[in-house]
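J.: Quick note: the sequence shown uses numbering that gives the first Met the number 0, first residue 0, plus one each step.
Backbone N, C-alpha and C fix where the C-beta goes; we use that ideal spot for every residue, glycine too.
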Amino acid sequence: MSKLYLIILSAFSFILFSCNNTSNTKEPKQADIPLIPLPQEYSLAEGSFILNGQTQINNLSSLKETDLFLEQITAQIEKSSGIRLQKSDAEENAILLQNAKTELPKEGYKLTVDKQKVVIEASDEAGFYYGLQSMMQLLPPEIYAQEKQIGTEWSIPAISINDYPRFSYRGLHLDVGRHFYPADSVKKFIDLMAQYKYNRFHWHLTEDQGWRIEIKKYPKLTEVGAWRKGTLVGHYSDKPHQFDGKEYGGYYTQEEVKEIVRYAEERCITIIPEIEMPGHSRAALAAYPELGCTDEQYEVATKWGVFTEVYCPSEKTFQFLQDVLDEVMELFPGKYIHIGGDECPKQQWEESALCQDIMKREGLKNEHELQSWFIQRIEKYLNSKGRSIIGWDEILEGGLAPNATVMSWRGMDGGIAAAKAGHDVVMTPTSHCYFDYYQAGPEGEPIAIGGFTPIRKVYDFEPVPDELNEKQAQHILGAQANLWTEYMPDFPHVLYMTWPRALALAEVNWTMPTKKSWENFFPRLIRQMKVLKYEGVRCGKISSRIKLQTHYDRKKEELTAELHCDNPLARIHYSTHGDEPTTKRAQYHQPFVVQHDLLLRARAFVEDEAIGQELKKEIFLHTACGSTVNYAVPFSTKYPAGGSSALVDGLKGGADFADGFWQGFNGEDMDVIINLRHPKEVGSISMQFIQKEASWIFLPRKIEAWGRFEDTKMEKLGEITNTIPDSTTGTVVQEFSIAFEPQKLQSLQVIACGLRKNPPWHPAAGLDCWLFCDEIIIR
Ligand code: ACM
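1. Spell out the partners DSSP gives residue 118 in its beta bridges.
2. Would the segment 439-446 count as touching the segment 402-414 if we require 3 or more Cβ pairs under 8 Å?
3. Suppose you measure from the CA of residue 335 to the CA of residue 290; what does that come to, to the nearest Å?
4. Could you check whether the segment 672-682 touches the segment 757-773, counting it as contact only if at least three pairs of C-beta atoms, one from each stretch, sit closer than 8 Å?
5. What do you reckon, is the C-beta of residue 393 under 6 Å from a heavy atom of ligand 1?
6. Using only alpha-carbon positions, find the residue among 96, 195, 318 and 548 that is nearest to residue 647.
7. Mapping the DSSP letters down to three states, classify residue 720 as helix, strand or coil.
8. Check whether the Cβ of residue 206 lies closer than 6 Å to any heavy atom of ligand 1, and answer yes or no.
9. Please state whether DSSP places residue 793 in a helix, a strand or coil.
10. Measure how close the beta-carbons of residue 650 and residue 618 come, nearest whole angstrom, since I'm counting them as under 8 Å.
11. Regarding residue 412 and ligand 1, is the C-beta to nearest heavy atom distance less than 6 Å?
12. If you draw a straight line from the alpha carbon of residue 214 to that of residue 74, how long is it in whole angstroms?
13. Residues bridged to residue 665 by DSSP?
14. Within 10 angstroms of its Cβ, does residue 383 collect 16 or more other Cβ (buried), or is it exposed?
15. For ligand 1, I want to know if residue 341 counts as a neighbour, meaning its beta carbon is within less than 6 Å of at least one of the ligand's heavy atoms.
16. Could you tell me whether the segment 534-547 touches the segment 484-504, using the rule of 3 or more Cβ pairs below 8 Å?
17. Look up residue 761 in the DSSP assignment and give the residues it is bridged to.
18. Under the criterion of a Cβ to heavy atom distance below 6 Å, does residue 408 qualify as lining ligand 1?
19. Cα separation between residue 187 and residue 610?
20. Quick check: the Cα distance between residue 581 and residue 730, rounded to an integer number of angstroms?
21. In whole angstroms, give me the CA-to-CA distance for residue 273 and residue 203.
22. Can you grab the Cα-Cα spacing for the pair residue 80 / residue 148, in whole Å?
23. How close, in whole Å, do the beta carbons of residue 153 and residue 270 come, if the pair is a contact with beta carbons under 8 Å?
24. Where do the N-terminal and C-terminal ends of the alpha helix (DSSP H) with residue 325 fall, by residue?
25. Quick one, are the C-beta atoms of residue 656 and residue 696 less than 7 Å apart?
26. Residue 54 lies in the alpha helix (DSSP H); which residues open and close that run?
27. Say whether the segment 57-65 touches the segment 84-100, bearing in mind that this needs 3 or more beta-carbon pairs closer than 8 Å, one atom from each stretch.
28. For residue 589, which three-state DSSP category applies?
29. CA-CA distance, residue 32 and residue 45?
30. Kindly indicate which residue of 352, 43, 341 and 399 has the alpha-carbon position closest to the one of residue 368.
31. Note down, in chain order, each residue of its chain lying with its Cβ closer than 8 Å to the Cβ of residue 766, except the 5 sequence neighbours on either side.
32. Does residue 481 come out as helix, strand or coil in the three-state DSSP assignment?
33. Report yes if the C-beta distance between residue 165 and residue 661 is below 7 Å; otherwise report no.
34. Taking only runs of the beta strand (DSSP E) that begin and end inside the segment 432-515, which ones reach a length of at least 3 residues, in chain order?
35. Measure the alpha-carbon distance for residue 391 versus residue 292 and round it to whole angstroms.
36. Using the beta-carbon count (16 or more within 10 Å), is residue 735 buried or exposed?
Okay, here's the thing in structure tokens:
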């Protein structure tokens with residue numbers, strides 16, 4: 000056995016337990032280095048560097064921050080290994096930092112490890128920082144432990160790494176408004192980010208449910224605005240709402256903020272503070288009601304959602320915001336200030352004489368333009384102080400402020416539009432970057448806001464959309480994950496939702512897509528989860544949910560079913576006759592042909608142990624399977640069922656609207672034409688819709704079915720009116736069927752008319768709502 004093999008074996012013993020070929024487990028592909036994010040270039044050599052009591056540190060770099068970086072790793076190494084690295088000018092048994100001989104890319108580094116020494120070269124502080132982080136990750140996971148580890152050999156495999164990031168903006172966001180976490184927790188959040196080469200911390204400091212930053216000029220912001228009378232118990236969709244009645248709150252003093260900013264800087268992280276405007280401002284209005292548009296007595300919100308109470312664009316409000324921003328700029332030296340801009344209902348502005356006067360005076364056509372005017376005024380102020388604004392993608396509505404950077408959260412479209420218009424963009428779409436969504440389960444998981452974003456999905460995220468040309472793509476600064484904390488009452492829960500998914504996003508942001516592979520990532524992921532455990536992080540689960548997809552082969556006229564599990568170690572067993580899917584049932588190897596309607600049951604197994612939930616799904620082999628579908632109104636690409644066969648794939652959506660089967664239409668009706676493969680005699684059309692008002696999804700009011708044979712005109716086949724009220728709470732999955740005289744048809748049209756906007760009673764009244772359909776079954 001070669002020495003190199005031995006080293007790799009000891010470094011990667013974490014995968015050996017699962018490599019037993021006789022068990023019900025697949026052979027994983029071995030990653031040859033444990034780093035996350037994966038470096039751009041590396042080559043392993045023979046031998047290893049042994050860290051011992053005589054190892055020295057020799058800092059030849061000309062950048063002063065590097066001493067601090069060395070102090071940080073020295074403290075950690077001493078804590079876990081007992082080895083205290085001493086400074087010296089040794090070149091053997093030493094860790095050397097030296098200026099790169101030729102200029103390296105920004106934040107780039109070279110790391111060379113041989114038996115004698117570890118050499119880190121860089122051209123800037125961040126480069127040295129990341130070189131050291133990579134060195135730490137090459138040591139055994141125990142190096143991150145919080146107490147001394149006995150019997151561990153502290154060796155680093157000989158290697159040569161040349162590394163630099165793909166994106167300059169590598170961000171995580173934390174909402175401290177819905178729940179508040181003490182300053183030490185924020186520091187821990189920052190520590191973990193830095194370890195995986197994140198460099199932007201978006202600190203969401205103000206919300207409807209709490210104002211969290213001390214502002215000296217406006218003390219009531221924290222005396223009043225930082226405290227709420229109670230908090231919603233359970234999920235928002237559990238009605239009637241219940242409250243715990245306990246006062247809740249907290250805020251960061253300016254001294255704490257300064258300390259956190261300094262702490263982040265020492266870890267090469269810039270903080271982007273967010274001061275929300277004009278919406279999500281109830282806490283500020285509770286403190287200073289004169290900033291609102293009405294005379295009501297505002298209260299800090301005790302439940303979640305979007306509220307109609309927003310800042311009035313008065314001179315008083317601008318003075319207040321400018322004063323607040325002045326103090327914020329004193330505390331945060333970074334270029335960007337985030338001004339929010341999302342989810343601002345316009346009812347109060349529509350009813351306000353002052354707003355209508357401003358609109359007339361400024362020649363603004365509607366309230367969206369008024370919001371744009373508001374944001375542009377704030378931008379002008381911040382620009383005059385040498386700062387730039389970032390805002391959520393709603394700032395595109397009514398005209399984008401001239402120098403604004405856009406955070407694209409409602410999908411990628413806002414980001415695409417902004418990049419095409421020459422604006423910088425940070426991609427943070429709900430579909431891949433919302434870490435408040437479930438990562439596994441939802442069965443067995445702690446309550447989350449909804450959705451489903453397993454780590455595999457995060458890993459597959461591509462921040463640069465195909466729609467952009469090379470020049471426009473330069474405007475994509477990078478990606479960010481958001482931690483909205485309605486359902487994260489304590490900090491361990493924040494960590495649970497963040498990790499391990501943030502490991503996947505770290506690689507998305509750093510590593511060139513051609514070098515990424517889920518199979519290669521997986522063993523590194525397991526290793527880094529061990530590291531995180533040593534650091535006291537309880538990681539979330541890796542989903543073992545089985546995915547089912549169907550494909551229709553038009554040549555063979557066959558529908559096939561395909562199964563997939565994200566865990567590369569898992570094997571799938573399945574049955575098609577209703578039997579329980581134990582290891583005694585057929586093992587899934589490849590897609591199989593669906594001959595008739597059937598009930599599929601499938602389960603993933605590792606080492607003969609069932610993991611994750613069972614998949615139980617009916618497959619309907621109906622006349623429309625494999626048809627082409629034409630959409631008069633495009634479906635949203637936000638949900639997984641974004642393909643044009645989703646409505647006729649033989650699979651019905653279930654009780655979870657984000658289960659990957661439902662297709663969504665945002666702010667529009669559904670109008671589709673289904674072109675059968677051959678003209679066929681048919682006599683019924685049925686389809687399901689789903690309602691979940693808490694997620695802004697409503698059933699249609701009316702559904703019409705039309706049909707035609709060959710090129711004749713569409714004839715009405717029937718219609719159905721929905722009588723289920725839009726105020727019905729919880730989840731309603733409703734099937735609508737239209738039967739008609741059997742006739743030979745080529746094409747069928749379905750028009751489902753919905754609400755388009757959330758109804759007036761809804762907390763997000765007036766904002767675009769959703770219509771979700773699946774499956775359209777024709778027989
Ligand atoms: C957001 O999630 N409202 C930006």
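T.: In short, the structure shows the following:
1. 95 and 111
2. no
3. 25 Å
4. Result no; under three Cβ-Cβ pairs closer than 8 Å.
5. no
6. Its Cα nearest to that of residue 647, the residue 548 stands out among 96, 195, 318 and 548.
7. Residue 720: strand per DSSP, three-state reduction.
8. no
9. There is simply no residue 793 to check, as the chain begins at 0 and stops at 778 in what is shown.
10. Contact between residue 650 and residue 618 is confirmed by a C-beta separation of about 6 Å, below the 8 Å threshold.
11. no
12. 35 Å
13. 769
14. exposed
15. Set against 6 Å, the gap from the CB of residue 341 to the closest heavy atom of ligand 1 is smaller.
16. yes
17. Residue 761 is bridged by DSSP to nothing; it lacks a bridge partner.
18. yes
19. Each residue's Cα considered, the two are about 31 Å apart.
20. 31 Å
21. 5 Å
22. Rounded to the nearest angstrom, the two C-alpha atoms are 6 Å apart.
23. Going by Cβ atoms, the distance from residue 153 to residue 270 rounds to 33 Å, so no, they are not a contact pair.
24. 314-330
25. yes
26. From DSSP, residue 54 is part of no alpha helix (DSSP H); its letter is neither H nor E.
27. yes
28. coil
29. In this model, residue 32 and residue 45 are separated by some 13 Å (Cα to Cα).
30. 399
31. Within the same chain, Cβ atoms closer than 8 Å to the Cβ of residue 766 are found at 305, 342, 344, 695, 756 and 757, the five residues on either side in sequence being excluded.
32. strand
33. no
34. 449-451 and 475-482
35. 23 Å
36. buried
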